[in-house]
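Worksheet: the structure to be examined is printed underneath.
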Amino acid sequence: MDIEPLSLTSRSRRRIMLGVLAAGVAARMRPAFAATQDDAFWVKARAIADGIAPPRIPRRTFQLKSFGGLADGKTDNSAAIARAIAACADAGGGRIVLSRGVTLTGPVRLGSRMALHIPKGARLKFIPEPARYLPPVHTRWEGVELMGYQPLIYAFEEEDVAVTGGGVIDGSADDHHWWPWKGPWADRYRDTPEKERQAADRARLFDMAERGVPVAQRVFGEGSRLRPALFQPYRCRRVLMEGITVEAAPFWQVHPVDCTDVTFRSVTCSSHGPNNDGIDPESCNGVLIEHCVFDTGDDCIAIKAARNADGRRLAKPCENIVIRNCLMKDGHAGVAIGSELTGGVRNVFVHDCRMDSPNLTRVLIIKSNSYRGGLIEDIHLRRIHAGMVDKAFVQIWMLYEEGEGGGHVPQVARVSAEECTVRSTERVLIVRGIPQAPIRDLRLVNVRVGREALPSVTVDVEPLALDNVIVGGTRWTQEYLRSLPGADSIRCDKWAVCR
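What follows is the structure, given as structure tokens:
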């Protein structure tokens, strides 16, 4: 049986070739002072993207309707999908193809060399009954390992896993299912009884991790309120999601954990519930996110590496990530680093993205504290074009959530933004380091901001490198930065939302 690497569509190839040509033209136009460092950016970013291997899926097709599947929006297809997956696994892999229409199901667990294909006109809709997502499986919740609800689509320690097509994955979360477990959020769910809120389970899980309770004993099964991710490949190699639209996710939308060679292409993350991050690579090595659209209830993309004691136990960074040619609309950040980043984050390259929404809080945020710790280095933005951004262009905040008082000082170094434009934002920079570990090597080159409503704030940061930074028609200088107000000029809540 032939093995077919799932690779670029012809449309994606054309987009990427145009991007490469545009990069070449831009490189010829750049002034000499920027060329050396910027050329290094492109060399590294392309090396990472080109080195990510696609999944290899056998050329076999398993039509769900052949296993009793009915896309009528009424029939529970859980058994039919399980039969199709079993047949696919027995044959050595292939593509499981849904019919157009609405396919209802419970949780789906994929195996190696297996693609779930949801074509245009098809909707895979999950039944929002928590008991269906038990027994508990090995998963990760806000950076901490546990035995919890199975993610809606899950793969554990598999190779060559894909979810493809032009269709929709509908998690069926709403004001009556999954989301109320958050408790009070955005003036909603205040009437959720205390016993049905996640707060107690969240605190218990974090306490177990701090005490070193083995993962197998961190069981959060029936009656727990820790919502599952929609798609979570865990410890997998060669993962692809392409052409899919995600809606109504219970929790984080797409959450690859401890995976290598991961690609998200032409994915639309459109879910506005609590904690509805778009794509959250955690402790992964080699991730490409391209031509995706984000319209979310939390961070569009959040790069993570486990939390606090579990992060130190696992000691696995998230590294070598390229984000390109994406559109970010609503979200707490276009790109976030953290706050679950104890294992460290490095080598993140973001380029040629558009961000524009009054409900987009920042373009970039790096968030940690002295309980998380973590080494964050080499985070680079190039050719980001933002319209309206609510609070900040770049925010680096080392007092997130628990704040000060821990014994694990985070280190942030080599963060840059070049050839970026912003039409308007409240502040260009909100940077707050820690006195014993100031932010190092923050660099802005060829950045233009049309309007800044309030002065930027930079505290506990080594002197910035500036080159051709123009805000509201005024060129920034080191003298101007020294004149900025101090920490007392800004008030920020524990989630780093500043006023």
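Using the working numbering, read the sequence shown as starting at 107 and increasing by one per residue.
Backbone N, C-alpha and C fix where the C-beta goes; we use that ideal spot for every residue, glycine too.
This structure is a prediction, so every number in the text was calculated from the model and none was measured.
Can you tell which of A159, T366 and E348 has the C-alpha that lies nearest to the C-alpha of I224? Translated into positions along the sequence shown, residue 224 becomes position 118. Of the candidates A159, T366 and E348, E348 places its Cα closest to the Cα of I224.
Taking only runs that begin and end inside the segment 550-578, name each unbroken beta strand (DSSP E) of 3 or more residues, in chain order. Fully enclosed beta strand (DSSP E) runs of 3 or longer: 563-565 and 571-577.
Determine the DSSP secondary structure at R605, reduced to helix, strand or coil. Position 499 of the sequence shown, counting from 1, holds the residue named residue 605. In the displayed model, R605 falls within coil according to three-state DSSP, outside both helix and strand.
Check whether the segment 447-466 and the segment 168-187 are in contact - that is, three or more C-beta pairs closer than 8 Å. These segments do not touch.
Using the C-alpha atoms, what's the distance from C365 back to C342? Residue 342 sits at position 236 when you count from the first residue of the sequence shown. Residue 365 sits at position 259 when you count from the first residue of the sequence shown. Put simply, the backbone Cα of C342 is about 5 Å away from that of C365.
Can you give me the C-alpha to C-alpha distance between L487 and A155, rounded to a whole angstrom? Stepping through the sequence shown from its first residue, residue 487 is reached at position 381. Stepping through the sequence shown from its first residue, residue 155 is reached at position 49. Between L487 and A155, the C-alpha separation is close to 16 Å.
CB-CB under 6 Å to R588, same chain, minus the five flanking residues each way: which ones, in chain order? Here residue 588 refers to the residue found at position 482 when the sequence shown is read from its first residue. In its own chain, leaving out the 5 sequence neighbours on each side, no residue places its CB closer than 6 Å to the CB of R588.
Find out if the Cβ-Cβ distance for the pair S265, R344 is shorter than 8 Å. The residue labelled residue 265 in the question sits at position 159 within the sequence shown. The residue labelled residue 344 in the question sits at position 238 within the sequence shown. What sits at residue 265 in the sequence shown is Glu, not Ser. In contact: E265 and R344 (Cβ atoms closer than 8 Å).
Selected residue, minimal CA-CA separation from A192, among L176, R206 and G217: To locate residue 192, count along the sequence shown from 1; it is residue 86. Nearest of L176, R206 and G217 to A192, Cα basis: G217.
Backbone secondary structure at R134 - three-state DSSP: In the sequence shown, the residue the question calls residue 134 occupies position 28. The pLDDT assigned to R134 is 38, lower than 50, so where the model puts this residue is not dependable; a value taken from the coordinates is nonetheless given after this. If DSSP states are grouped into helix, strand and coil, R134 belongs with the helices.
Check this for me: beta carbons of E388 and C424, under 8 Å apart or not? If you number the sequence shown from 1, residue 388 lands on position 282. If you number the sequence shown from 1, residue 424 lands on position 318. For E388 and C424, yes; Cβs fall inside 8 Å.
So, is Q584 buried or exposed, given that buried needs 16 or more other C-beta atoms within 10 angstroms? Taking the sequence shown and counting its residues from 1, the one referred to as residue 584 is at position 478. When all chains shown are included, Q584 counts as exposed.
Rounded C-alpha distance that separates I158 from F262: Residue mapping note: residue 158 aligns to position 52 of the sequence shown, counting from 1. Residue mapping note: residue 262 aligns to position 156 of the sequence shown, counting from 1. Looking at the two C-alpha atoms, the distance is approximately 20 Å.
Got a sec, what are the start and stop residues for the alpha helix (DSSP H) D307 sits in? Numbered from its first residue, the sequence shown carries residue 307 at position 201. From DSSP, the alpha helix (DSSP H) with D307 extends over A305 to E316.
Measuring CA to CA, which of T209, P541 and L420 is closest to T564? In the sequence shown, counting from the first residue as 1, residue 564 sits at position 458. Considering only alpha carbons, the answer is P541.
Measuring CB to CB, does H397 end up less than 8 Å from S377? Locating residue 397 in the sequence shown gives position 291, counting from the first residue. Locating residue 377 in the sequence shown gives position 271, counting from the first residue. Not a contact, by the Cβ cut-off of 8 Å.
Can you give the Cα-Cα distance for V208 and G327, rounded to whole angstroms? In the sequence shown, counting from the first residue as 1, residue 208 sits at position 102. In the sequence shown, counting from the first residue as 1, residue 327 sits at position 221. A straight-line Cα-Cα distance of about 29 Å links V208 and G327.
Would you say F312 and V250 are within 8 Å of each other, going by their C-beta atoms? Numbered from 1 along the sequence shown, position 206 holds the residue referred to as residue 312. Numbered from 1 along the sequence shown, position 144 holds the residue referred to as residue 250. Contact annotation: F312 and V250 have beta-carbon atoms nearer than 8 Å.
N-terminal and C-terminal residue of the alpha helix (DSSP H) that A523 is part of: Locating residue 523 in the sequence shown gives position 417, counting from the first residue. No alpha helix (DSSP H) holds A523; the beta strand (DSSP E) holding it covers Q517 to T531.
Pick helix, strand or coil for N640, following the three-state DSSP scheme. Only positions 107 to 605 of the chain appear in the structure, and residue 640 is not among them; the question remains open.
Assign P55 to one of three DSSP states: helix, strand, or coil. Only positions 107 to 605 of the chain appear in the structure, and residue 55 is not among them; the question remains open.
With H, G and I counted as helix, E and B as strand and the rest as coil, what does DSSP make of I233? On the sequence shown, residue 233 is found 127 positions in, with the first residue counted as 1. In the structure shown, I233 sits in coil (DSSP, three-state: anything other than H, G, I, E or B).
Terminal residues of the alpha helix (DSSP H) in which R418 lies: In the sequence shown, the residue the question calls residue 418 occupies position 312. R418: member of the alpha helix (DSSP H) spanning N414 to L420, first to last residue.
Classify R546 as helix, strand or coil using the three-state DSSP reduction. Residue mapping note: residue 546 aligns to position 440 of the sequence shown, counting from 1. For R546, the three-state secondary structure derived from DSSP is strand.
Between which residues of its own chain and R557 is the CB-CB distance below 8 Å, once the five residues before and five after are set aside? Taking the first residue of the sequence shown as 1, we reach residue 557 at position 451. Its chain contains R529, S530, T531 and G578 as the residues whose beta carbon lies nearer than 8 Å to that of R557, once the 5 sequence neighbours on both sides are disregarded; these appear in chain order.
Taking the straight line between their C-alpha atoms, what separation do you get for D178 and S463? Residue mapping note: residue 178 aligns to position 72 of the sequence shown, counting from 1. Residue mapping note: residue 463 aligns to position 357 of the sequence shown, counting from 1. Computed Cα separation, rounded: 37 Å.
In the DSSP assignment, what are the bridge partners of P111? Residue mapping note: residue 111 aligns to position 5 of the sequence shown, counting from 1. Partner(s): R162.
Can you give me the start and stop residues for the beta strand (DSSP E) that L252 sits inside? Taking the sequence shown and counting its residues from 1, the one referred to as residue 252 is at position 146. It spans V250 to G254 - the beta strand (DSSP E) in which L252 sits, taken as one unbroken run.
For the putative contact between L346 and P161, defined by C-beta atoms under 8 Å, what is the C-beta separation to the nearest angstrom? Indexing the sequence shown from 1 puts residue 346 at position 240. Indexing the sequence shown from 1 puts residue 161 at position 55. The pair is a contact, with the Cβ atoms about 5 Å apart (cut-off 8 Å).
Coarse secondary structure for S372, derived from DSSP in three states: Residue 372 sits at position 266 when you count from the first residue of the sequence shown. Three-state DSSP puts S372 in coil, outside helix and strand.
Distance cut-off 7 Å: T181 Cβ against heavy atoms of the ligand ATP: Of the ligands one can find in the structure shown there are none, so the ligand ATP has no counterpart to examine.
Rounded Cβ spacing between R478 and R413 (contact assumed at less than 8 Å): Translated into the one-based positions of the sequence shown, residue 478 becomes position 372. Translated into the one-based positions of the sequence shown, residue 413 becomes position 307. That pair is a contact at about 7 Å.
My output table needs one value for C398: the three-state DSSP class, helix, strand or coil. Position 292 of the sequence shown, counting from 1, holds the residue named residue 398. In the structure shown, the three-state DSSP call for C398 is coil.
At which residues does the alpha helix (DSSP H) containing R189 begin and terminate? Here residue 189 refers to the residue found at position 83 of the sequence shown. Per DSSP, the continuous alpha helix (DSSP H) segment holding R189 begins and ends at S184 to A197.
To the nearest angstrom, how far is the alpha carbon of G271 from that of A309? Along the sequence shown, one-based indexing puts residue 271 at 165. Along the sequence shown, one-based indexing puts residue 309 at 203. Computed Cα separation, rounded: 39 Å.
Apart from the five residues on each side of it in sequence, which residues of its chain come closer than 7 Å, Cβ to Cβ, to L505? Walking along the sequence shown from the start, residue 505 turns up at place 399. N475 and R538, listed in sequence order.
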